[in-house]
Amino acid sequence: MELAQKLDSYGKPAWIALTVLGFMAWWPLGLAILAYSIGSGRMFCSGRRGFGRWQEEGAEAFRSFGGRFGRGFQSSGNRAFDEYREETLRRLEEEQKDFRSFLDRLRQAKDKAEFDQFMADRRNRPAPAPEPAEPQS
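Using my numbering, you'd call the opening residue of the sequence shown number 145 and step up by one each time.
Structure below.
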């Protein structure tokens with residue numbers, strides 16, 4: 145599906161535009177495109193490539209924005225509160241990092257278990273029967 149790969153390179157807006165054009169041309173075509181894009185996960189932020197990427201980009205933008213966000217909070221005038229806020233943000237970032245590493249280890253363990261199961265199934269399958277040799281004349 146070269147068209148799907150081409151649209152994936154442009155991102156979600158290309159899929160939305162194709163769906164709208166499909167509805168404008170003929171409503172069953174638009175409905176089919178919408179069903180395909182939802183069914184294949186192209187319209188949602190799910191999966192490893194979607195939501196994780198957006199979450200990381202959003203967190204990076206949040207940290208680097210400055211002003212009211214990230215480490216660039218303006219002083220509230222209450223030093224105890226400012227210290228509490230900084231400590232809480234630091235703790236939350238650390239917990240987020242620990243949780244992400246936990247999820248990575250969990251995915252790796254799941255992948256390893258699936259691979260080990262595949263290899264065990266492959267080892268245990270019966271060998272194909274040899275084909276009888278044709279008599280030569």
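The C-beta atom is built at its ideal place from N, Cα and C for all residues, glycine as well. Small disclaimer: the values here were computed from a predicted structure and weren't measured.
Do you know how far the Cα of residue 236 is from the Cα of residue 246?
Position 102 of the sequence shown, counting from 1, holds the residue named residue 246. Position 92 of the sequence shown, counting from 1, holds the residue named residue 236. Cα-Cα distance, rounded: 15 Å.
Buried or exposed: which applies to residue 155, given that a residue is buried once 16 or more other Cβ atoms fall within 10 Å of its Cβ?
Position 11 of the sequence shown holds residue 155. So residue 155 counts as exposed.
Around the Cβ of residue 181, are there at least 16 other Cβ atoms within 10 angstroms (buried) or fewer (exposed)?
The sequence position of residue 181 within the sequence shown is 37, counting from 1. Under this definition residue 181 is a buried residue.
Assign residue 170 to one of two classes, buried (16 or more other C-beta atoms within 10 Å of its C-beta) or exposed (fewer than that).
On the sequence shown, position 26 is the one that residue 170 refers to. Classification for residue 170: exposed.
How far does the alpha helix (DSSP H) with residue 278 in it reach, from first residue to last?
Counting from one through the sequence shown, the residue named residue 278 turns up at place 134. Unbroken run through residue 278: none, as it is neither H nor E.
Is DSSP giving residue 222 helix, strand or coil here?
By 1-based counting over the sequence shown, the position of residue 222 is 78. Residue 222: coil per DSSP, three-state reduction.
Since I believe residue 163 is in contact with residue 178 (beta carbons under 8 Å), could you give me their beta-carbon distance rounded to a whole number of angstroms?
By one-based count along the sequence shown, residue 178 stands at place 34. By one-based count along the sequence shown, residue 163 stands at place 19. That belief holds up - the Cβ atoms of residue 178 and residue 163 are roughly 5 Å apart, short of 8 Å.
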